[in-house]
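Have a look at the structure below, then the notes.
Number of protein chains: 2
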Amino acid sequence: MSQTKFLLSEAQIPTTWYNVVADLPKPLDPMLHPGTREPITPADLEPLFPAELIAQEFSTDREVDIPGAVIDVYQQWRPSPLVRARRLEKALDTPARIYFKNEGVSPAGSHKPNTAIPQAYYNKQAGVERLTTETGAGQWGSSLSLACQYFGLVCEVYMVKVSYQQKPYRRGLMETFGASVTASPSELTEAGRAALAADPNSPGSLGLAISEAVEAAVKSGGTAKYALGSVLNHVLMHQTIMGKEALLQMELAEDYPDIVIGAAGGGSNFGGLALPFLGEQMRGGRSVRAIAVEPSSCPTLTKGTFEYDFGDTAGMTPLTKMHTLGHDFVPPSIHAGGLRYHGMSPIISQLKELDLLEARAVPQTACFEAGVTFARNEGIVPAPESTHAVRAAIDEALACKESGESKSILFSLSGHGHFDMQAYIDYFAGKLKD
Amino acid sequence: MSQTKFLLSEAQIPTTWYNVVADLPKPLDPMLHPGTREPITPADLEPLFPAELIAQEFSTDREVDIPGAVIDVYQQWRPSPLVRARRLEKALDTPARIYFKNEGVSPAGSHKPNTAIPQAYYNKQAGVERLTTETGAGQWGSSLSLACQYFGLVCEVYMVKVSYQQKPYRRGLMETFGASVTASPSELTEAGRAALAADPNSPGSLGLAISEAVEAAVKSGGTAKYALGSVLNHVLMHQTIMGKEALLQMELAEDYPDIVIGAAGGGSNFGGLALPFLGEQMRGGRSVRAIAVEPSSCPTLTKGTFEYDFGDTAGMTPLTKMHTLGHDFVPPSIHAGGLRYHGMSPIISQLKELDLLEARAVPQTACFEAGVTFARNEGIVPAPESTHAVRAAIDEALACKESGESKSILFSLSGHGHFDMQAYIDYFAGKLKD
Numbered sequence: 001m002s003q004t005k006f007l008l009s010e011a012q013i014p015t016t017w018y019n020v021v022a023d024l025p026k027p028l029d030p031m032l033h034p035g036t037r038e039p040i041t042p043a044d045l046e047p048l049f050p051a052e053l054i055a056q057e058f059s060t061d062r063e064v065d066i067p068g069a070v071i072d073v074y075q076q077w078r079p080s081p082l083v084r085a086r087r088l089e090k091a092l093d094t095p096a097r098i099y100f101k102n103e104g105v106s107p108a109g110s111h112k113p114n115t116a117i118p119q120a121y122y123n124k125q126a127g128v129e130r131l132t133t134e135t136g137a138g139q140w141g142s143s144l145s146l147a148c149q150y151f152g153l154v155c156e157v158y159m160v161k162v163s164y165q166q167k168p169y170r171r172g173l174m175e176t177f178g179a180s181v182t183a184s185p186s187e188l189t190e191a192g193r194a195a196l197a198a199d200p201n202s203p204g205s206l207g208l209a210i211s212e213a214v215e216a217a218v219k220s221g222g223t224a225k226y227a228l229g230s231v232l233n234h235v236l237m238h239q240t241i242m243g244k245e246a247l248l249q250m251e252l253a254e255d256y257p258d259i260v261i262g263a264a265g266g267g268s269n270f271g272g273l274a275l276p277f278l279g280e281q282m283r284g285g286r287s288v289r290a291i292a293v294e295p296s297s298c299p300t301l302t303k304g305t306f307e308y309d310f311g312d313t314a315g316m317t318p319l320t321k322m323h324t325l326g327h328d329f330v331p332p333s334i335h336a337g338g339l340r341y342h343g344m345s346p347i348i349s350q351l352k353e354l355d356l357l358e359a360r361a362v363p364q365t366a367c368f369e370a371g372v373t374f375a376r377n378e379g380i381v382p383a384p385e386s387t388h389a390v391r392a393a394i395d396e397a398l399a400c401k402e403s404g405e406s407k408s409i410l411f412s413l414s415g416h417g418h419f420d421m422q423a424y425i426d427y428f429a430g431k432l433k434d
Numbered sequence: 001m002s003q004t005k006f007l008l009s010e011a012q013i014p015t016t017w018y019n020v021v022a023d024l025p026k027p028l029d030p031m032l033h034p035g036t037r038e039p040i041t042p043a044d045l046e047p048l049f050p051a052e053l054i055a056q057e058f059s060t061d062r063e064v065d066i067p068g069a070v071i072d073v074y075q076q077w078r079p080s081p082l083v084r085a086r087r088l089e090k091a092l093d094t095p096a097r098i099y100f101k102n103e104g105v106s107p108a109g110s111h112k113p114n115t116a117i118p119q120a121y122y123n124k125q126a127g128v129e130r131l132t133t134e135t136g137a138g139q140w141g142s143s144l145s146l147a148c149q150y151f152g153l154v155c156e157v158y159m160v161k162v163s164y165q166q167k168p169y170r171r172g173l174m175e176t177f178g179a180s181v182t183a184s185p186s187e188l189t190e191a192g193r194a195a196l197a198a199d200p201n202s203p204g205s206l207g208l209a210i211s212e213a214v215e216a217a218v219k220s221g222g223t224a225k226y227a228l229g230s231v232l233n234h235v236l237m238h239q240t241i242m243g244k245e246a247l248l249q250m251e252l253a254e255d256y257p258d259i260v261i262g263a264a265g266g267g268s269n270f271g272g273l274a275l276p277f278l279g280e281q282m283r284g285g286r287s288v289r290a291i292a293v294e295p296s297s298c299p300t301l302t303k304g305t306f307e308y309d310f311g312d313t314a315g316m317t318p319l320t321k322m323h324t325l326g327h328d329f330v331p332p333s334i335h336a337g338g339l340r341y342h343g344m345s346p347i348i349s350q351l352k353e354l355d356l357l358e359a360r361a362v363p364q365t366a367c368f369e370a371g372v373t374f375a376r377n378e379g380i381v382p383a384p385e386s387t388h389a390v391r392a393a394i395d396e397a398l399a400c401k402e403s404g405e406s407k408s409i410l411f412s413l414s415g416h417g418h419f420d421m422q423a424y425i426d427y428f429a430g431k432l433k434d
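From first to last, the protein sequence lines are chains A and B.
Sequential numbering of the first sequence, starting at 1, is according to the UniProt record's numbering.
Sequential numbering of the second sequence, starting at 1, is according to the UniProt record's numbering.
Put into structure tokens, the structure is as follows:
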């Protein structure tokens, strides 16, 4: 009986988030105001976010306290398990040691509640009544729905239309958690109406849904604010609870990862796991290979350019320096809806420019093949987004088999695929395109 | 920060199952052969089950060893968490302490793998190549699918037609785990063809699907055996790992349940949690109120008679003394497919006759109402089956509020509802009937 799960007690939930900005060898370029193109100030963000989240967005403190009320909620599922994928290792016949951080145990089934909970909390503290947001696959929307429910806020979700159609049960989950859900593009906003005028059959995109949610908040007269599920500094910071726990859990396992892997859409899942390890490295500790995995149909880091661009389609958000495919890029309707974003977190983009991480693009059928192998050995069906990390982890493990090296591989199983079974059914039916 | 989850380490996974037969104040009546109506012998069961499972079915040993290979698999998710439902308690404003055993963390999302894994293991050891089985909601079928995958067996699942149609994603899950799935009644067996001849639109039932699976095994010439997901003594015994863990976890919580609650379809979920506590009581230890909760549309324990009846519709199985609505009873198509069974485990039936447990029937809309309350406070959407236990737990907690008593309530959250969102969508749309 060899140990499989490396668990921490609730008393070991980290009490601070890690802010990688404090350790970056080159500071981030400032966000620019979409009108003036001057660096934005905290005041510029007030229509969108409460003061505390704005302060976190600009913070250069290395560690930021997690409020007790947030930890109280985290306790429902955190610390999440770090699992040694022993059956998978055996099936691959690899000398590698494969670990995964299982964020699928959260209420929404992914890592997203890690930031939804504090975002709802800080908004409630600031007297906000309503939160608007966008969602792709629905992971973020269901997370914010529950967070709003917990803190007594109304939640309005603009869901990318292709996901809204493909995933009625994700929608059902958001409604069970108490949110109202609208397909984007919608008739409720100017941005939505413009998109529908241009293409009545638009499948939507995360960028466009962001435009709609931002517009709804800005025009609320202050009762509503907006919440973003990835990309921004404060979001990545909230997600570092994954990596901070994993650092402790790798100690329990008496191991340390040679390679850390995560799927990257906006970058918060990858960053949440990898940044605390990269922080160790940047402060002179052990080094790791950090691999961000993206879909080859939306290759932001591997094929995008590093420049200032809008976060949304309509050009309402600040301009950020990041890897981007262009804010009007509409990715194909792949099943990994959460990875269909034209841009990338400025932090992850900067780390890529500094050669502190590797980026890799993979096609979706290869990802589902890896997802099925994982499910048949570890008993967990990965979310389509997470299969990207599984693919890379398996490839690295197979490279170890080839070379005879016994490396330690850690990846983020960012979510389960219980609401994505149609994707697997399509995969088995040979209907998926790369 | 008050403790929410009571976790055990993998080293604390119980190494034996508990066999309540050893402690029953009155022995079970023997099963009878369907042809001769004489007590059956172990040899009579050989066409269906491997020798080791037959031995367990007849065993009167109080503790039965769990094989190491089974514990190795259990480690992927066991021990499952015992959770204090603190937010729910607060929302109900009750002085009661509510705990739930979360079996939704398993690979199939329910308690069913607790017995699927050992059943597949013992069949593999006996040289069996194929397992046939039935499934209602799909929880059992997906559990056995994975178990067969792990031990290298082919898995053939007969799925009750109404569930097959309502739950394509459960079917997808079984196929992802490597099984083949057929809607029952089917054209593949005599029992299925007879049912279709009588009613081409039959929604099917667990009893009928059992007939089909049993027939397919019996006619295989020995290469296939049959696996049952509930009712039988050995199945309830495998499930006692839940209650054995819960006994240890209640100690961690420095508490002991006054009331233990579980949903009862065939009885293995309820029994798995309650029997170890009832065993303590029967051996002179602390007493508990054990409440088995069933749907009012399939009221086996509350309205059925205690007599010899067949386990299946076609009358191929042994006759067992149990609470039954009659083996030709076809329950309405409620969403809690796993509770649509005409009979009840002989062990649970006997305990009911001895007044060692209470039975309660609840209508489905009241169950979904409770399920939504639970989801909005604890972040977990319960399976429709599990909402029956949630309903009873909430009712007991509300009774405590009324009386001012601070009781300790423990219930089995037997599974999550990720594959049952249509039921919640129908509930919100006012489409459910009681």
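Each residue gets a CB set at the ideal place from its N, CA and C atoms; glycine is no exception.
Handout entry: Which listed residue (A:Ser403, A:Thr182, A:Asp312, A:Pro257) has its alpha carbon closest to that of valine 231 of chain A
Key = Residue mapping note: residue 231 of chain A aligns to position 231 of the first sequence, counting from 1. It is A:Asp312.
Problem - Interface flag, phenylalanine 277 of chain A vs chain B, CB-CB below 9 Å - result: Indexing the first sequence from 1 puts residue 277 of chain A at position 277. Not closer than 9 Å to any Cβ of chain B, the Cβ of phenylalanine 277 of chain A fails to qualify, so no.
Practice task
Taking methionine 322 of chain B as part of the alpha helix (DSSP H), name the residues at either end of that continuous run.
Solution key: Translated into positions along the second sequence, residue 322 of chain B becomes position 322. No alpha helix (DSSP H) contains methionine 322 of chain B, which is instead part of the beta strand (DSSP E) from 319-324.
Handout entry: Chain-order list of residues whose beta-carbon lies under 6 Å from that of alanine 264 of chain A (same chain, five-residue window excluded)
Key = As a working mapping, residue 264 of chain A is identified with position 264 in the first sequence. Around alanine 264 of chain A: Phe270, Ala292, Glu294.
Exercise for the section: Taking C-beta pairs closer than 7 Å, name the residues in chain B that alanine 375 of chain A reaches, listed in chain order. Expected result: Taking the first sequence and counting its residues from 1, one reaches residue 375 of chain A at position 375. Chain B residues near alanine 375 of chain A: Thr176, Phe177.
Problem - Exposed unless 16 or more other CB atoms sit within 10 angstroms - verdict on threonine 60 of chain A - result: Residue 60 of chain A sits at position 60 when you count from the first residue of the first sequence. Looking at its Cβ environment, which holds fewer than 16 other Cβ atoms inside 10 Å, threonine 60 of chain A is exposed.
Handout entry: Ranges of the beta strand (DSSP E) found wholly within the stretch 99-160 of chain A, counting only runs of at least 3
Key = 130-135, 154-160
Problem - Uninterrupted alpha helix (DSSP H) stretches inside the stretch 37-77 of chain A (no shorter than 4 residues) - result: 51-58, 68-74
Exercise for the section: May I ask you to list, following chain order, the residues of the stretch 125-154 of chain B that have a beta carbon less than 9 Å from some beta carbon of chain A? Expected result: Leu146, Gln149, Tyr150
Problem - 9 Å Cβ cutoff, tyrosine 424 of chain B in contact with chain A - result: If you number the second sequence from 1, residue 424 of chain B lands on position 424. Yes, tyrosine 424 of chain B counts as interfacial toward chain A.
Handout entry: leucine 410 of chain B - containing beta strand (DSSP E), residue span
Key = Within the second sequence, residue 410 of chain B is the residue found at index 410, counting from 1. Counting along the chain, the beta strand (DSSP E) containing leucine 410 of chain B begins and ends at 408-413.
Problem - Beta-carbon neighbours of threonine 16 of chain A, restricted to chain B and to distances below 9 Å - result: On the first sequence, position 16 is the one that residue 16 of chain A refers to. Here the premise fails: no neighbours, minimum Cβ distance about 15 Å.
Practice task
Can you say whether leucine 354 of chain A is buried or exposed, counting buried as having 16 or more other CB atoms within 10 angstroms of its CB?
Solution key: Working through the first sequence from its first residue, we reach residue 354 of chain A at position 354. It counts as exposed.
Problem - Endpoints, the beta strand (DSSP E) within which phenylalanine 306 of chain A is located - result: Walking along the first sequence from the start, residue 306 of chain A turns up at place 306. Segment 305-310, the beta strand (DSSP E) holding phenylalanine 306 of chain A.
Handout entry: Interface positions of the stretch 164-193 of chain A facing chain B (Cβ-Cβ less than 9 Å), listed along the chain
Key = Pro168, Tyr169, Arg170, Arg171, Gly172, Leu173, Glu175, Thr176, Phe177, Gly178
Exercise for the section: Output the boundary residues of the beta strand (DSSP E) element that contains proline 295 of chain A. Expected result: Along the first sequence, one-based indexing puts residue 295 of chain A at 295. Taken as a continuous stretch (DSSP letters only), the beta strand (DSSP E) holding proline 295 of chain A covers 289-295.
Exercise for the section: Could you check the C-alpha separation between glutamate 10 of chain B and leucine 351 of chain A for me, to the nearest Å? Expected result: Here residue 10 of chain B is taken as the residue at index 10 of the second sequence, counted from 1. Here residue 351 of chain A is taken as the residue at index 351 of the first sequence, counted from 1. Computed Cα separation, rounded: 38 Å.
Exercise for the section: Give the straight-line distance between the Cα atoms of lysine 225 of chain B and arginine 84 of chain B, rounded to the nearest whole angstrom. Expected result: For the purposes of this step, residue 225 of chain B is taken as the residue at position 225 of the second sequence. For the purposes of this step, residue 84 of chain B is taken as the residue at position 84 of the second sequence. Using only the alpha carbons, I get a separation of about 40 Å.
Problem - Within 9 Å, strictly: CB atoms of glutamine 249 of chain A and leucine 7 of chain A - result: For the purposes of this step, residue 249 of chain A is identified with residue 249 of the first sequence, where counting begins at 1. For the purposes of this step, residue 7 of chain A is identified with residue 7 of the first sequence, where counting begins at 1. Contact flag set, yes.
Problem - Residue range of the unbroken beta strand (DSSP E) whose run includes serine 184 of chain B - result: Here residue 184 of chain B refers to the residue found at position 184 of the second sequence. Unbroken beta strand (DSSP E) run through serine 184 of chain B: 180-184.
Practice task
Would you list the residues sitting across from isoleucine 261 of chain A in a DSSP beta bridge?
Solution key: Against the first sequence, residue 261 of chain A aligns to sequence position 261. BP columns for isoleucine 261 of chain A point to A:Ile291, A:Phe411.
Handout entry: Cβ of proline 200 of chain B within 9 Å of any chain A Cβ
Key = Sequence index remark: in the second sequence, residue 200 of chain B carries index 200 (1-based). Answer no: the Cβ-Cβ gap between proline 200 of chain B and chain A never drops below 9 Å.
Exercise for the section: Over the uninterrupted beta strand (DSSP E) stretch that includes alanine 224 of chain B, give me the two end residues. Expected result: Start at 1 with the first residue of the second sequence, and residue 224 of chain B comes out as number 224. Element bounds for alanine 224 of chain B: 224-226.
Practice task
Tell me, please, whether the CB atom of glutamate 378 of chain B is closer than 9 Å to any CB atom in chain A?
Solution key: Working through the second sequence from its first residue, we reach residue 378 of chain B at position 378. Cβ-Cβ to chain A under 9 Å: yes for glutamate 378 of chain B.
Practice task
Below 8 Å CB to CB, which residues in the same chain sit around aspartate 93 of chain A once its five sequence neighbours on both sides are set aside?
Solution key: Sequence index remark: in the first sequence, residue 93 of chain A carries index 93 (1-based). Correct list, in chain order: Lys401.
Problem - Three-pair Cβ contact test at 8 Å for the stretch 404-414 of chain B versus the stretch 94-107 of chain A - result: no
Exercise for the section: Note the first and the last residue of the continuous beta strand (DSSP E) segment covering arginine 360 of chain A. Expected result: What you label residue 360 of chain A is simply residue 360 of the first sequence in a count that begins at 1. Note, arginine 360 of chain A: beta strand (DSSP E), 358-362.
Exercise for the section: Note the first and the last residue of the continuous beta strand (DSSP E) segment covering threonine 16 of chain A. Expected result: As a first step, residue 16 of chain A is located in the first sequence; it is residue number 16 there, counting from the start. Start and end: 16-18.
Exercise for the section: Scan the stretch 345-374 of chain A for residues whose Cβ lies nearer than 9 Å to a Cβ of chain B and list them as they occur along the chain. Expected result: Gly371, Val372
Practice task
Just the C-alpha distance for asparagine 114 of chain B and phenylalanine 277 of chain B, rounded to the nearest angstrom, thanks.
Solution key: Taking the first residue of the second sequence as position 1, residue 114 of chain B is located at position 114. Taking the first residue of the second sequence as position 1, residue 277 of chain B is located at position 277. About 18 Å.
Practice task
Tell me, please, which residues DSSP counts as bridged to phenylalanine 6 of chain A.
Solution key: Along the first sequence, one-based indexing puts residue 6 of chain A at 6. According to DSSP, which records beta bridges pairwise, phenylalanine 6 of chain A is partnered with A:Leu82.
Exercise for the section: Please name the residue, chosen from A:Gly204, A:Leu273, A:Asp420, that lies closest to histidine 327 of chain A on a Cα-to-Cα basis. Expected result: Stepping through the first sequence from its first residue, residue 327 of chain A is reached at position 327. Selected option, being the one with the closest Cα: A:Gly204.
Practice task
Spatial neighbours of phenylalanine 329 of chain B within its chain, please: CB distance less than 7 Å, with the 5 preceding and 5 following residues excluded, ordered by chain position.
Solution key: Position 329 of the second sequence, counting from 1, holds the residue named residue 329 of chain B. Closer than 7 Å at Cβ, skipping near neighbours: His342.
Problem - Same chain, Cβ closer than 6 Å to valine 181 of chain A, five either side skipped, listed in chain order - result: Taking the first sequence and counting its residues from 1, the one referred to as residue 181 of chain A is at position 181. Around valine 181 of chain A: Val157, Met159, Arg171, Met174.
Handout entry: Contact between the stretch 207-222 of chain B and the stretch 132-144 of chain B (3+ Cβ pairs under 8 Å)
Key = yes
Exercise for the section: Output, in sequence order along the chain, the residues in the stretch 379-390 of chain A whose CB is closer than 9 Å to any CB in chain B. Expected result: Gly379, Ile380, Val381
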